[in-house]
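See structure below.
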Amino acid sequence: MIKFNNVTHFYNTGQNHKITSLSGINMEIQEGDFVAIIGANGSGKSTLAKHINGFLLPGSGDVYVDGFNTKDIESIWNIRKKVGMVFQNPDNQLIATTVEDDIAFGLENIGIEEEEMKRRVDWALNIAELNVLRTSEPHLLSGGQKQRVVIAGALAMHTTYLVLDEPTSMLDPKGRKNILEIIKTLNEEKGITIIYITQFMSEAAQFKKIFVMDKGKIVLTGSPKSVFSQADLLMNLGLEVPQITQLARKLAENGLEIPSNIITEEEMVEYLCLYI
Amino acid sequence: MMFFRSITIGQYIYRNSIIHRLDPRVKIFVVILIITSVFLINSWIGFFLIGLYLFTNIYLSKVHPKYVLKGIRPLIFIIAFTLLIHFFTTPGEVIYHIWILNITREGIQRGLFIAVRLFYLILSTSWLTLTTSPIALTDGIERILSFLKIIRIPAHEIAMMMTIALRFIPTLMEETEKIIKAQMARGADFESGNIVKRIQNFLPIIIPLFVSAFHRADELSIAMEARCYRGGEGRTHYRQLLITKVDYIFMIVTLLILILSYL
Ligand SMILES: Nc1ncnc2c1ncn2[C@@H]1O[C@H](COP(=O)(O)OP(=O)(O)OP(=O)(O)O)[C@@H](O)[C@H]1O
Ligand SMILES: [Mg+2]
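Listed below in structure tokens is the structure:
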């Protein structure tokens, strides 16, 4: 379980100048959860993500990962083994000169033995559908393939939690879809907890639970349906509801009998089929 | 205008050969041995033996000699220049006289020796980089240097720097190309004007490149730390290096030939 206990964080920007990036965050994420975090630019999403693996420490309050406090220097490497991170720019996360070497990078760092390392790299390559690219050089891969390598690197570590900070924002629609599919499979079949930060509402709609952030606070939590039914509140926070929800509202306004909390295209198709 | 996409890093050429399968440490060590002995040897028969040995190695590696010779082409001028300098500046028995310059017998001998030495130096290092992948080379250097840890040579850090350089050179080149194109689209001109002007014209390329490189470095270090990187201590290696019987035989043959050519 990941637990944020009244977490506040400041960035020091020069003398006596602070930016409050998180204020009074209370949050619990259970093992096996499939959650999205949304919020406008600068609302503190990335700052929150970097608290989960102890890269940033709370100014006040505590963050616990499976009972380990991130402030505890002894347990920081334990926490980083449990929490895999995927960042936005795929180019700046790959370290080694081939795909397989990069996946092994984390394993080398934690001193895994040779045999076990080979096994885990094979396993991760398989899950991330990277077998044919095994010996490729990173700079020859597409953005989506690079992100899959990063994900495979985290999987090889046998992480419990995978935190992804806008992993698809630099990808094309195809790569975006592919990453989301892989994330879903990881959650459903391997039971890996997914914490997914995104600016795409259509992506967020596919998660089980959404946290909405604004100015360093979590202002709304709930299922996609309940969150996206509050279109006015989201609008005030500089967010939109998914396009499909907007469409449903428009249709409802114009007299069509259609619930306004539709969040996926499948649902929309189902309702529209009733009219044929 | 220059476009970099065609540049590959290192000049490694994959072949399925005995030489390619040798342990990189052995190859690096052998090249160091050859280079040292080439500068110690002082007889034509010795040079002949080493030449024979080097070309046998190239033959065994199944890499076409044209690749090896390609590495020499840019240095022909330097070799010719040193050759001439030695012809004219070595004192001794004069055998030819032009204007105020004397060519001596000793000068010819010395010049040729130096030329052959440079030639072999390039030949052996090209042989190494053509037959050893950059990864294997980095691993080899790391393991060799790790023997020197006692005298505080930061073996792991050097290897990590090499790896990251190898990884990012293509990325940065691509980026340079993009910046050049973008600046050209805005009317930048990189080809006319005097030298000062031209250097000034390159600033709009260099500065964005630096800014982005620092940004990348920052993000990369975060990603590395997130993946439990904390220096070389307690680290294991994905790629195991193994010295086999073939490596030993190769080593012994090399040593024998070097000793023979020195006698
Ligand atoms: N390294 C830093 N130094 C100073 N201030 C920072 C730093 N990083 C973020 N901030 C500030 O902290 C606040 C939260 O930033 P954060 O990056 O967490 O937001 P975000 O929700 O991830 O935004 P985005 O959608 O743009 O990624 C912002 O006001 C930002 O300007
Ligand atoms: Mg962010």
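Going down the list, the protein sequences come from chains A and B. Residue 1 is where the first sequence starts when you use the working numbering, and the numbers rise one by one after that. Residue 1001 is where the second sequence starts when you use the working numbering, and the numbers rise one by one after that. Even glycine gets a Cβ: it sits at the ideal position worked out from N, Cα and C. Note that the structure is predicted; figures quoted are calculated from it, not measured.
The region 175-185 of chain A / the region 2-13 of chain A touching (three or more Cβ pairs under 8 Å)
no
Can you check whether the C-beta of Ala-1226(B) is within less than 9 Å of a C-beta belonging to chain A?
The residue given as residue 1226(B) occupies position 226 in the second sequence. It does: the Cβ of Ala-1226(B) has a partner Cβ on chain A nearer than 9 Å.
Could you give the distance in angstroms between the alpha-carbon of Ile-1007(B) and the alpha-carbon of Val-86(A)?
The residue you call residue 1007(B) lines up with position 7 of the second sequence. The residue you call residue 86(A) lines up with position 86 of the first sequence. Because the pLDDT of Ile-1007(B) is 41, which lies under 50, any placement of that residue in the model is unreliable, and the number read from its coordinates should be weighed accordingly. About 30 Å.
Exposed or buried, what is Cys-1228(B) when buried is set at 16 or more other beta-carbons lying within 10 Å of its beta-carbon?
The residue given as residue 1228(B) occupies position 228 in the second sequence. With 16 or more Cβ atoms within 10 Å of its Cβ, Cys-1228(B) is classed as buried.
How long is the line joining the alpha carbons of Lys-1027(B) and Leu-1128(B), rounded to whole angstroms?
For the purposes of this step, residue 1027(B) is identified with residue 27 of the second sequence, where counting begins at 1. For the purposes of this step, residue 1128(B) is identified with residue 128 of the second sequence, where counting begins at 1. If you take the alpha carbons of Lys-1027(B) and Leu-1128(B), they lie about 7 Å apart.
Between which two residues does the beta strand (DSSP E) harbouring Ser-60(A) extend?
Taking the first sequence and counting its residues from 1, one reaches residue 60(A) at position 60. First-last of the beta strand (DSSP E) with Ser-60(A): 60-65.
Please check the pair Gly-24(A) and Lys-174(A), which I expect to be a contact at CB under 8 Å, by giving their CB distance rounded to whole angstroms.
Position 24 of the first sequence, counting from 1, holds the residue named residue 24(A). Position 174 of the first sequence, counting from 1, holds the residue named residue 174(A). For Gly-24(A) against Lys-174(A), the beta-carbon gap comes to about 40 Å, at or over 8 Å, which does not count as contact.
Tell me Asp-277(A)'s beta-bridge partners as DSSP assigns them.
Since the first residue of chain A shown is 1 and the last is 276, residue 277(A) is not available in this structure.
By alpha-carbon positions, which one of Leu-1033(B), Phe-1048(B), Val-1063(B) and Phe-1047(B) ends up nearest to Ser-1017(B)?
Locating residue 1017(B) in the second sequence gives position 17, counting from the first residue. It is Val-1063(B).
C-alpha distance - Tyr-161(A) paired with Lys-1149(B), whole-angstrom precision:
Working through the first sequence from its first residue, we reach residue 161(A) at position 161. Working through the second sequence from its first residue, we reach residue 1149(B) at position 149. Their backbone Cα atoms lie some 37 Å apart in a straight line.
What are the residues of the region 1235-1246 of chain B that lie near chain A, defined by any Cβ-Cβ distance shorter than 8 Å?
Arg-1235, Thr-1236, His-1237, Tyr-1238, Arg-1239 and Gln-1240
Reduced DSSP category for Phe-1077(B) - H, G, I as helix; E, B as strand; rest coil
In the second sequence, the residue the question calls residue 1077(B) occupies position 77. Helix.
Which same chain residues end up closer than 8 Å to Glu-265(A) when comparing Cβ atoms and leaving out the 5 residues on each side of it in sequence?
Mapped onto the first sequence, residue 265(A) falls at position 265. These residues qualify, in order along the chain: Ile-244.
For a quick check, are the C-beta atoms of Gly-1107(B) and Phe-1088(B) less than 9 Å apart?
Working through the second sequence from its first residue, we reach residue 1107(B) at position 107. Working through the second sequence from its first residue, we reach residue 1088(B) at position 88. Yes; because the gap between Cβ atoms is below 9 Å, this pair is in contact.
For chain B, find out if any of its Cβ atoms is closer than 9 Å to the Cβ of Leu-94(A); answer yes or no.
As a working note, residue 94(A) is residue 94 in the first sequence. Yes, Leu-94(A) lies at the interface with chain B (some Cβ there is under 9 Å from its Cβ).
Assumed close pair Gly-39(A), Lys-45(A) - CB separation to whole angstroms, cut-off 8 Å
Position 39 of the first sequence, counting from 1, holds the residue named residue 39(A). Position 45 of the first sequence, counting from 1, holds the residue named residue 45(A). Confirmed, Cβ separation roughly 5 Å.
Heavy atom of ligand 1 less than 8 Å from the Cβ of Ala-1223(B), yes or no?
Locating residue 1223(B) in the second sequence gives position 223, counting from the first residue. Because no heavy atom of ligand 1 lies under 8 Å away, the Cβ of Ala-1223(B) does not count as near it: no.
Leu-125(A) to Ala-152(A) span [Cα, whole Å]
Walking along the first sequence from the start, residue 125(A) turns up at place 125. Walking along the first sequence from the start, residue 152(A) turns up at place 152. C-alpha separation (whole angstroms): 6 Å.
Met-117(A) CB to nearest chain B CB: under 9 Å?
Locating residue 117(A) in the first sequence gives position 117, counting from the first residue. At least one chain B Cβ lies under 9 Å of Met-117(A).
Taking the alpha carbon of Glu-108(A) as the point to measure from, which residue in Ile-1259(B), Glu-1225(B), Ile-1041(B) and Asp-1218(B) has its own alpha carbon closest?
Here residue 108(A) is taken as the residue at index 108 of the first sequence, counted from 1. Nearest option by C-alpha distance: Glu-1225(B).
Got a sec, what are the start and stop residues for the beta strand (DSSP E) Lys-3(A) sits in?
By 1-based counting over the first sequence, the position of residue 3(A) is 3. Run containing Lys-3(A): 2-12, per the beta strand (DSSP E) assignment.
Give me the Cα-Cα distance between Leu-57(A) and Thr-70(A), rounded to the nearest whole angstrom.
What you label residue 57(A) is simply residue 57 of the first sequence in a count that begins at 1. What you label residue 70(A) is simply residue 70 of the first sequence in a count that begins at 1. Computed Cα separation, rounded: 7 Å.
Relative to the C-alpha of Arg-979(B), which residue among Pro-1134(B), Thr-1131(B) and Ala-1159(B) is closest?
Past the boundaries of the shown model lies residue 979(B); chain B is included only from 1001 to 1263, so the question cannot be answered.
May I have all residues whose beta carbon comes closer than 6 Å to any heavy atom of ligand 1, sorted in chain order?
Chain-ordered list of matching residues: Tyr-11(A), Thr-13(A), Ile-19(A), Ser-21(A), Gly-39(A), Asn-41(A), Gly-42(A), Ser-43(A), Gly-44(A), Lys-45(A), Ser-46(A) and Thr-47(A).
Secondary structure of Thr-1131(B), DSSP reduced to three states:
Counting from one through the second sequence, the residue named residue 1131(B) turns up at place 131. Thr-1131(B): helix per DSSP, three-state reduction.
Give the secondary structure of Ala-205(A) by DSSP, where H, G and I count as helix, E and B as strand, and everything else as coil.
On the first sequence, residue 205(A) is found 205 positions in, with the first residue counted as 1. Residue state, collapsed to three classes: coil.
Could you work out which residues of chain B lie near Ile-263(A), taking near to mean beta carbons separated by less than 8 Å?
In the first sequence, the residue the question calls residue 263(A) occupies position 263. What Ile-263(A) touches in chain B: nothing, since even the nearest Cβ is about 32 Å away.
Return the CA-CA distance between Thr-1125(B) and Lys-1245(B), expressed in angstroms with no decimal places.
Translated into the one-based positions of the second sequence, residue 1125(B) becomes position 125. Translated into the one-based positions of the second sequence, residue 1245(B) becomes position 245. The straight-line gap from Cα to Cα measures roughly 24 Å.
For Ile-197(A), is the beta carbon positioned less than 8 Å from some heavy atom of ligand 2?
Within the first sequence, numbered from 1, the residue matching residue 197(A) stands at position 197. Answer for Ile-197(A): yes, Cβ within range of ligand 2.
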